[in-house]
Amino acid sequence: MQYLLMIYQNEVEYAKNDAATAQKLMAEYQTFTQGIIQSGNFKAGDRLRPTTTATTVRVRDGKVLTTDGPFAETREQLGGYYLIEAKDLDAAIEIAARIPSARIGSIEVRPIWVYDK
Amino acid sequence: MTPSEIETIFRDEAGRALATLIRLVGDFDLAEDALQDAFAVALERWAAGAVPDNPRAWLVNVAKHKAIDRIRRQAVFRGKQQALVHELELNAQTVDEPALTLDDDVLRLIFTCCHPAFAAEVQVALTLRTVCGLSTAQVARAFLVGEEAMGQRLGRAKQKIRLAGIPYEVPEQDALAARLDGVLAVIYLVFTEGYVATEGADLMRPDLATEAIRLGRLLDRLMPDRAGIKGLVALMLLHDARRAGRETTAGDIVLLEEQDRSRWDRAQIEEGLGLVEDALRMPGRPQAYVVQAAIAALHARAPSFEQTDWPQIAGLYEVLLRINPSPVIELNHAAALSMVDGPARALDLVDAITARGGLRGYELLPAVRADLLRRLGRKDEARKAYRAATDATQLEPLRRLYARRMREMD
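Chains as they are written, first to last, in the working numbering: chain A, 2 to 118; chain B, 167 to 576.
Here it is, written out as C-alpha cells:
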C-alpha cells in the first residue's frame with residue numbers, strides 16, 4: 002500500500018534553530034531518506050518552502066479568488082512529505098516514527114487512494 | 167432442531183467463525199454478510215435435521231462459498247478480486263480446521279480491533295461488536311449513544327481497517343508488549359461493563375463478563391509467559407465468582423459486607439487464586455492487574471467481611487498507587503484505609519482528592535463520601551452526598567441502594 006507521511010511542525014519555532022542544529026537535522030534527514038530508498042519503501046518526498054510563500058486558490062461563481070497564506074491557520078504547519086510504499090499501517094507507522102521531525106512535531110500517516118489504470 | 171437451538175449454536179460459534187472468515191476474505195463487512203448468509207442456510211438445513219458434527223467448520227465453509235458468490239455478484243470485477251476468489255476456492259474444500267487456528271484467528275481479530283490507530287472507545291466498541299458478537303444496538307447501549315451514531319462509528323472503523331491497511335495479525339515480539347497493554351485494557355473494560363453496567367435496570371451483564379473471561383483465558387493459553395494476562399484473568403474470575411451473592415432475586419444490590427459467602431463460586435475462586443500465585447511467582451516488575459488480583463484474592467479468602475485482612479489490602483493499594491497512580495485507586499485506597507484507621511482519616515483523603523479537582527464527575531466519589539459520613543454519624547451531610555450519588559448514576563439498582571441507605575439513617 003502507499004502512504005503519504007505529512008510532516009508537521011511549528012515553523013516559527015523551527016526558524017529559531019541555530020545553524021548547527023539545522024545542519025544536524027538535515028544530516029539526519031539524509032540518513033533517513035537513504036535508509037528508506039535502500040529498503041525500497043521510498044517513492045517520493047520533499048521539503049516544502051515555509052507557509053509564508055503559500056497562496057491558496059478558490060474558484061467561487063467562476064471567479065478565481067486567491068489568498069495569501071495556507072488554507073488553515075494552525076499551530077503546526079505542513080513542512081514536507083514522503084510518499085512511501087509499505088506492507089501495512091504498522092510498517093508505515095514504524096517508518097513515520099523514524100522521521101527526524103517526529104521528535105519535534107508530528108507526522109500524519111494517510112493511505113493513498115491509488116486509482117486503477 | 168428448533169430455530170432457537172440453532173440460534174444458540176450460532177451465537178456460540180459466530181465470533182470464532184467470523185474471525186476465521188475475516189482472515190480468509192480480508193474484509194470485515196464481507197465476512198459479516200457472508201456469515202449471515204450461512205446462518206440463513208443453517209436455519210433451513212439444520213431445522214430439517216441435517217446438523218453437522220462441527221457446526222463452526224460448517225459455518226466457515228458455507229460462508230466462504232457465500233463470500234465467493236457475493237464477490238462474483240459485484241458489478242465491477244477487478245483483477246484483485248479474481249485472485250481472491252481463486253485463492254478462496256483453492257482452500258474451500260477443507261472442512262475441518264484445527265481448533266487452535268480458529269483461536270489464533272480470534273487473537274488476530276482482537277489485536278486488529280485494539281489497534282492503537284483507533285481511539286480507546288472505538289477499540290472497545292469494535293471488540294464488542296466483532297469479537298464478542300454484540301449487536302450494534304447493544305454496543306450503542308453500552309456507550310450510551312444512539313444506534314445510528316454507533317453504526318456510523320463502527321462503519322468508519324471497519325473502513326479504516328481496510329483502507330489504511332491496519333494489519334490483521336498478532337504483532338511481532340518487539341511490538342507485542344506495548345500492544346498487549348491495550349488489548350488487556352479493552353478486555354477489562356468489557357468485563358467491567360459486565361460487572362457493573364453503566365446504566366439501566368440490571369446491575370450486571372453476565373454475558374459480557376463471561377465473554378471477557380473467555381478472551382482472557384484464550385490470551386493466557388496462547389501467551390502463557392505473561393504475568394499481566396494471568397493477573398487480569400485472575401482478577402476477572404475472582405470478581406465474577408461473587409456474582410450470585412451480589413444481588414437479591416429482586417435485582418437489588420447486596421454489598422460485600424452483607425453477602426452470603428457460601429453463594430460465591432468456589433471453583434472459580436480456586437482457579438483465580440491459582441492464577442494469582444502463578445503470576446506472583448513470575449519474574450519482572452509487579453503488574454497492576456496482578457496486584458489488583460491479589461487484593462481480590464484477599465477478599466475471596468476472608469471468611470467474613472470483618473475478618474478481611476484490611477491492613478494488607480491497604481498496603482497493596484499503596485503498591486498499586488506506585489505502579490499506576492490514579493485518583494480512582496486513591497479512592498479505593500481511602501475506602502480500604504477506613505477499615506484500618508477509621509472513616510475520619512479516609513474522609514480527609516477523599517476530600518483531598520476532591521480539593522485537587524480529581525475525579526470530577528466520577529459517579530462513585532459521592533457514594534464513597536456518603537458512606538464515610540454515614541459511618542461518622544454526620545447524617546445531614548451523608549444524606550446530601552447520597553443525593554449527589556443518586557443524581558450521578560444512571561443505574562437503577564444503585565439508586566435503590568442509596569435510597570435504602572438514606573432510609574436506614576432515619
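Ideal Cβ positions, reconstructed from N, Cα and C, are used throughout, including at glycine.
- [ ] Under 8 Å between beta-carbons, which chain B residues line up against L90 of chain A? List them in chain order, please.
- [x] Neighbours of L90 of chain A on chain B, chain order: H281, A283, A330, G331, I332 and P333.
Task: Residues that T67 of chain A bridges to, as DSSP identifies them - done: DSSP output for T67 of chain A lists A:V58 as bridge partner(s).
- [ ] Helix, strand or coil for V110 of chain A, going by three-state DSSP, please let me know.
- [x] Three-state DSSP puts V110 of chain A in a strand.
- [ ] Return no unless some Cβ of chain B is closer than 7 Å to the Cβ of M2 of chain A.
- [x] At a cut-off of 7 Å, the C-beta of M2 of chain A has a neighbouring C-beta in chain B.
TODO: Output yes if chain A places a C-beta closer than 7 Å to the C-beta of L266 of chain B; else output no.
DONE: Confidence in L266 of chain B is poor, its pLDDT being 44 and thus under 50, which makes the residue's placement unreliable; the coordinate value appears in the next sentence. So, not an interface residue.
Open item on the list: Tell me which residue opens and which closes the alpha helix (DSSP H) that L542 of chain B is part of.
Closed with: First-last for L542 of chain B: undefined, no H or E at that position.
- [ ] Within 10 angstroms of the Cβ of R409 of chain B, are there 16 or more other Cβ atoms? Answer buried if so, exposed if not.
- [x] Counting every other CB atom within 10 Å of its CB across the protein chains shown gives R409 of chain B a total of 16 or more, marking it as buried.
TODO: State the start and end residues of the unbroken beta strand (DSSP E) segment that holds Y82 of chain A.
DONE: Its beta strand (DSSP E) spans residues Q78 to E86.
- [ ] Compare the C-beta of A185 of chain B with all C-beta atoms of chain A and state if any pair is closer than 7 Å.
- [x] Not an interface residue.
Open item on the list: Measuring only the C-alpha atoms, how far is T296 of chain B from G181 of chain B?
Closed with: Taking the straight line joining both Cα atoms gives about 7 Å.
Task: Best match in B:I461, B:G321, B:Q202 and B:A416 for proximity to I495 of chain B [C-alpha to C-alpha] - done: Among B:I461, B:G321, B:Q202 and B:A416, the Cα nearest to that of I495 of chain B belongs to B:I461.
Open item on the list: Taking the beta carbon of K232 of chain B as the centre, do at least 16 other beta carbons fall within 10 Å, making it buried, or is it exposed?
Closed with: Classification for K232 of chain B: buried.
- [ ] For L9 of chain A, count neighbouring Cβ atoms within 10 angstroms of its own Cβ and tell me buried if that reaches 16, exposed if not.
- [x] First, the residue type needs correcting, since residue 9 of chain A is Tyr and not Leu in the sequence shown. Residue environment analysis places Y9 of chain A among the buried positions, since at least 16 neighbouring C-beta atoms fall within 10 angstroms of its C-beta.
TODO: Starting from M7 of chain A, follow its DSSP beta bridges and name the residues at the other end.
DONE: Answer is A:Y82 and A:E109.
Open item on the list: Just to make sure I have the definition right: I need the residues of chain A whose C-beta is within less than 8 Å of the C-beta of P337 of chain B. Which are they?
Closed with: Within chain A, the residues near P337 of chain B are D91.
Open item on the list: Just list the residues that DSSP pairs L561 of chain B with in beta bridges.
Closed with: Its beta-bridge partners are B:G366.
Open item on the list: Determine whether the beta carbon atoms of G524 of chain B and P493 of chain B lie at a separation below 7 Å.
Closed with: For G524 of chain B and P493 of chain B, yes; Cβs fall inside 7 Å.
Open item on the list: Using a Cβ-Cβ distance cut-off of 7 Å, determine whether P112 of chain A contacts chain B.
Closed with: P112 of chain A counts as touching chain B.
- [ ] Just tell me which of A:R111, A:G70 and A:G81 has its CA closest to the CA of A87 of chain A.
- [x] Selected option, being the one with the closest Cα: A:R111.
Open item on the list: Within a Cβ cutoff of 6 Å, which residues of the same chain sit near W430 of chain B, ignoring the five residues on either side of it in sequence?
Closed with: Short of 6 Å from the beta carbon of W430 of chain B, and not among the five residues preceding or following it, lie these beta carbons of its own chain, in chain order: A407, R408 and G411.
Task: Close beta carbons around V288 of chain B, own chain, < 6 Å, minus the five adjacent residues each side - done: In the same chain as V288 of chain B, and ignoring 5 residues on each side of it, the C-beta atoms closer than 6 Å to its own belong to A323, in chain order.
Open item on the list: Just to confirm before moving on: does the CB-CB distance between L120 of chain A and Y83 of chain A stay below 7 Å?
Closed with: There is no way to answer for residue 120 of chain A, as the model of chain A reaches only from 2 to 118.
- [ ] Name the residue from B:R571, B:T474, B:V534 and B:V228 whose alpha carbon lies nearest to the alpha carbon of L190 of chain B.
- [x] The shortest Cα separation from L190 of chain B among B:R571, B:T474, B:V534 and B:V228 belongs to B:V228.
Task: Proximity to L342 of chain B [Cα-Cα], best of B:K326, B:A501, B:A214 and B:L385 - done: Per the Cα distances, B:L385.
TODO: Would you kindly check if the distance between the Cβ of W476 of chain B and the Cβ of V506 of chain B is under 7 Å?
DONE: A contact, by the Cβ cut-off of 7 Å.
TODO: Label P509 of chain B either buried or exposed according to how many other C-beta atoms from any shown protein chain fall within 10 Å of its C-beta, with 16 as the threshold for buried.
DONE: Classification for P509 of chain B: buried.
Task: Cutoff 8 Å; reference D47 of chain A; Cβ partners in own chain excluding five residues on either side - done: Within the same chain, D47 of chain A has close Cβ partners G81 and Y82.
TODO: Go to G440 of chain B, then tell me how far its beta strand (DSSP E) extends in each direction, as first and last residue.
DONE: Residue range R432 to R447 is occupied by the alpha helix (DSSP H) that includes G440 of chain B, with no beta strand (DSSP E) assigned at that position.
Open item on the list: Given this structure, state the Cα-to-Cα distance separating S428 of chain B from G382 of chain B, to the nearest angstrom.
Closed with: Approximately 26 Å, taken between the alpha carbons.
TODO: With DSSP as the reference, please indicate the residues paired to R48 of chain A in a beta bridge.
DONE: In the DSSP output, where bridge partners are listed per residue, R48 of chain A has A:G81.
TODO: Find the nearest neighbour of T57 of chain A within the set A:P51, A:L66 and A:L49, judged by alpha-carbon distance.
DONE: Answer by Cα proximity: A:L66.
- [ ] Work out the CA separation of P282 of chain B and Y30 of chain A for me, nearest whole Å.
- [x] Cα-Cα distance, rounded: 26 Å.
Task: F194 of chain B - containing alpha helix (DSSP H), residue span - done: Taken as a continuous stretch (DSSP letters only), the alpha helix (DSSP H) holding F194 of chain B covers F194 to A213.
Open item on the list: So A480 of chain B and L503 of chain B are supposed to be a Cβ contact under 8 Å. How far apart are they, rounded?
Closed with: Your pair A480 of chain B and L503 of chain B checks out as a contact, with CB atoms roughly 5 Å apart and the cut at 8 Å.
- [ ] With a cut-off of 8 Å on the beta carbons, I'd call I435 of chain B and A466 of chain B a contact; round off their distance for me.
- [x] About 5 Å separates the Cβ atoms of I435 of chain B and A466 of chain B, confirming a contact at the 8 Å cut-off.
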